[in-house]
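Q:
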Amino acid sequence: MTRLSDEQYAEYVELLKAWLETDKTVKGLQSPDAAARERATQAYAAVQSFRERYGLDGHERALERSTREAR
78 MTRLSDEQYA EYVELLKAWL ETDKTVKGLQ SPDAAARERA TQAYAAVQSF
128 RERYGLDGHE RALERSTREA R
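With the working numbering applied, the sequence shown covers 78 to 148.
(1) Considering only residues of the same chain and omitting the five flanking positions on each side of residue 116, which have a CB-CB separation below 7 Å?
(2) Thinking C-beta only, is residue 111 closer than 8 Å to residue 96?
(3) Is the Cβ-Cβ distance between residue 114 and residue 103 less than 8 Å?
(4) Measure how close the beta-carbons of residue 127 and residue 86 come, nearest whole angstrom, since I'm counting them as under 8 Å.
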């Protein structure tokens, strides 16, 4: 597992929050419009990009799952 600096960790948490919020919004809409789906897709892509950039593995996916369950 890659060790993140405090700044990197804070950035990752913010990316996760943004992704979860947009995903929750899209799932809560009766019929989400294209713009809402695009925001959710972009937020997810930002999380994936961060993971790739820092070589994150399954441990972070477990964190993501626990974060999602806590909301």
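Note that the Cβ used here is the ideal one computed from N, Cα and C, for glycine as well.
Computed from a predicted structure; not experimentally measured.
A: Taking the definition as stated:
(1) Locating residue 116 in the sequence shown gives position 39, where the first residue counts as 1. Within the same chain, residue 116 has close Cβ partners 99.
(2) Taking the first residue of the sequence shown as 1, we reach residue 96 at position 19. Taking the first residue of the sequence shown as 1, we reach residue 111 at position 34. Not a contact, by the Cβ cut-off of 8 Å.
(3) Locating residue 114 in the sequence shown gives position 37, where the first residue counts as 1. Locating residue 103 in the sequence shown gives position 26, where the first residue counts as 1. In this structure, residue 103 lies closer than 8 Å to residue 114 by Cβ.
(4) On the sequence shown, position 50 is the one that residue 127 refers to. On the sequence shown, position 9 is the one that residue 86 refers to. That pair is no contact at about 11 Å.
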